[in-house]
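Comments concern the structure below.
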Amino acid sequence: MNNKAYPTWFAGGALLLYGVFVLVPAVLGLGFSFTDWSAYSTDIHWVGLDNFAAIFDPNSNYLSAIQNTVLFTVATIALKTVIALGLAILLTSGVKKLSYLFRALIFLPAVLPILIVGVIFQSVLNPDTGLLNSTLRLIGLGGLAQQWLTDVSIALWSVIGVDTWRGVGYIMVILIAGLQSIPRDYYEAASIDGASGRQTFWHITLPLLMPVLLVTTVLNLLYGLRVFDMVFVLTNGGPGFATQTVYTTIFQDFSLGRYGTATALSSLFFVVMLVLSFFVIRVMRPRHEG
Amino acid sequence: MNAVRNFRATVNYALASGAGLIMLAPIYLVFVNALKTQTDSATMGMELPLTPQWANFGTVIDQGKLVEAFFNSVIYSVGGTVLSVLVSAFAAYVLARNRRRRHEIIYMLLIMGIAIPTNFVTLTKVMQVTGLIDSQIGIILLYAATQIPFSVFLIYAFIDTLPKELDEAAFIDGCSPLRTFGSIILPLLKPVLVTCGVLNMLNLWNEFLMPLYFLNSTRNWPMTLAVYNFFGQFQSNWALVSADVVLTILPMIIIYVLAQRWILSGVSAGAVKG
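As they're listed, the protein sequences go chains E and X. Residue numbers 1 to 290, in this note's numbering, belong to the letters of the first sequence in order. Residue numbers 291 to 564, in this note's numbering, belong to the letters of the second sequence in order.
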């Protein structure tokens, strides 16, 4: 009865699209990673591990791109989670009136295309005329004004900052829903027992919010490792290679016709994510009943 | 005690307003500068324009090919969303109901796509071979494919909460599988389909990377690519860049204001309820 009532071909459309556009390129990519495939020649030769050797060369820009991507990911996870949690608590317990308005305002940047956020911040971060430096000067903190996007040691942090500005509202909205799903009884019991605000946070809010925090972390992780638009429009990987990430490097190699290294880096990323995906599925799996 | 409480409340509201202001300031900035002359906009200041330059918008629409790009964005994101939600609902239904080993494997394979990245280099090859590169149909199919894993995941979890007796009864009464799904299950899926649709739309409307790789002709560009290109050409004229940005984000902001309850609950339902 099962097969007649629930025919497998129902899954055909999804499988076909997913297979053609995701699985086939991924498998092909694994093969092409070992070749010198490029835009300059119609011949493709087997080159063994040459592409991977180029990526793991200690002086290569590939390695620094990988480092930047990891730093970006870890920093945005930390910043977005902490700030979003603070705001979520503020808007669920501290601020009652107008709470919905504040929520909507803080989420607003998340509906804007990342690319456009980048264009806007090209202006905001302009060292001479930008809103950020003028505001700092206005309130007497001119000493903190920086060359936000062109200083090698700051540029990546500026990108991280803008990305946090854009994404924090999204995480906040999820955390608010998480906070609201914690039964009120726990808080009532805690307050009868005379627990302080801090104790309530560490012993009730945080443990009960853990599953949701895990989900937001996974979302931030998947986004962070693939970051492209924000970097591309703000710094295009510069100054030098200071803000190159995995995805901007792949695009750059692709544009330069170096398909072999581009696909090798993609495949490497694919294998890493494949391993991570088992962790991701486990995080998301047990919440069937909800 | 009361004084302490008042002080706390004031601090809380100050914090919330501060956060709101930080979110609004950059957006306010492009709105005022969109109406300035090129010289006045050079400093991108917060002050209001002396005489509003409404003509900026005309220039931008002309030069930025915004109308065409807007309709492209609508076609791509709506097309991709509808297609992915539809095929995902069908797939999630059989995979959730018919738990044979083969189906378990298909399900795992599909939702692995939530994490695994696209190989754009070999995907280019696939798009060339199938003749889908630089084509509107091609980008819609590709958009749909990228949204399938998460959509299947969400809809599958939702179908799991519906009693199986519903569709079994219909099937025993002689309904075909298609009819059972279409008239019994599909109507019940409405909340999760809305959530799914909202999330897919948000992702696809903002998509930039895939058009950058796969759409070379200007006439196929969505808004994001058109704005990027415009920004490259008119970087020295912040008034025009701002006007371009305003026209691009205005529809989003209007839709957001009108549909914020759907959007905010879609975002949280997608993550919290699963």
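We put the CB at the ideal spot given by N, CA and C, even for glycine. Bear in mind the structure is a predicted one, so any value in this text is a computation, not a measurement.
Rounded to the nearest whole angstrom, the C-alpha separation of X:Phe321 and E:Thr129 is 17 angstroms.
Non-local C-beta neighbours of E:Val280 in its own chain, meaning closer than 7 angstroms and more than five positions away in sequence, comprise Val218, ordered along the chain. Listed along chain X is no residue with a C-beta nearer than 7 angstroms to that of E:Leu234; the closest approach is about 12 angstroms. Contact of E:Met284 with chain X is assigned, a C-beta pair being separated by under 8 angstroms. Within the stretch 332-357 of chain X, Ala332, Thr333, Met334, Gly335, Met336 place their CB atoms closer than 9 angstroms to a CB of chain E, listed in sequence order.
Using beta-carbon distances, E:Asn126 counts as an interface residue toward chain X, with a partner under 8 angstroms. Boundaries of the alpha helix (DSSP H) harbouring X:Cys486: 480-495, taken from the DSSP string. Contact annotation for X:Ile423 against chain E: no contact, minimum CB-CB distance about 12 angstroms [criterion: below 8 angstroms]. With fewer than 16 other Cβ atoms inside 10 Å of its own Cβ, E:His45 counts as exposed. X:Lys326 counts as buried, since at least 16 other C-beta atoms from the protein chains shown sit within 10 angstroms of its C-beta. Comparing C-alpha distances from E:Tyr62 to each of E:Phe241, E:Met284, E:Gly257, E:Ser255 shows the shortest one belongs to E:Phe241. Distances from the alpha-carbon of X:Glu358 to those of X:Asn323, X:Val442, X:Leu537 put X:Leu537 closest. Within chain E, the residues whose beta carbon sits less than 8 angstroms from that of X:Leu319 are Ile120, Ser123, Val124, Leu131, listed in sequence order. At least 8 angstroms separates the CB of X:Leu505 from every CB of chain E. Listed as beta-bridge partners of E:Thr35 by DSSP are E:Trp46.
In the structure shown, E:Met210 falls within a helical segment according to DSSP collapsed to helix, strand and coil. For E:Asp229, the enclosing alpha helix (DSSP H) begins and ends at 229-234. For X:Asp457, a Cβ of chain E is located within less than 8 angstroms of the residue's own Cβ. Going by DSSP, E:Gly169 is part of the alpha helix (DSSP H) stretching over 155-180. Taking E:Thr249 as reference, the option from E:Tyr186, E:Leu79, E:Ile89, E:Asn68 with the minimal CA-CA separation is E:Asn68.
Chain order gives the chain X residues near E:Ala177 as Ser558, Val562, where near means a beta carbon separation below 7 angstroms.
In chain E, no part has a C-beta under 7 angstroms from the C-beta of X:Val364; the shortest such distance is about 14 angstroms. Counting only runs of at least 4 residues, the stretch 404-459 of chain X fully encloses the following alpha helix (DSSP H) elements, listed from N- to C-terminal order: 410-419, 426-449.
For E:Leu276, the chain X residues whose C-beta falls within less than 7 angstroms of its own C-beta are Ala405, listed in chain order. In this structure, the straight-line span from the alpha carbon of E:Thr164 to that of X:Ala381 is close to 35 angstroms.
Between the beta-carbon of E:Pro113 and that of X:Thr371 there is about 16 angstroms, and that puts the pair past the 8 angstroms contact cut. Taking E:Val168 as the centre and dropping the five residues before and after it, the same chain places the C-beta of Lys80, Ile83, Ala84 closer than 6 angstroms to its C-beta, in chain order. Annotated as distal: X:Ala561 and E:Val283, with beta-carbon spacing of 8 angstroms or more.
With its beta carbon at least 8 angstroms from every one in chain X, E:Thr249 lies outside the interface. The beta carbon of X:Thr414 lies closer than 8 angstroms to those of Ile423, Tyr503, Phe504 in the same chain, with the five residues before and after it left out.
Annotation: the continuous alpha helix (DSSP H) that includes X:Met398 extends over 391-402. Restricting attention to alpha helix (DSSP H) runs no shorter than 4 residues, the stretch 43-104 of chain E encloses them at 50-56, 61-89, ordered along the chain.
Taking 8 angstroms as the upper bound for CB-CB distance, X:Ile401 and X:Val442 are in contact here, some 6 angstroms apart. Rounded to the nearest angstrom, the Cβ distance from X:Ala516 to X:Leu356 is 6 angstroms, consistent with a contact under 8 angstroms. Here DSSP, grouped into helix, strand and coil, assigns E:Arg184 to helix.
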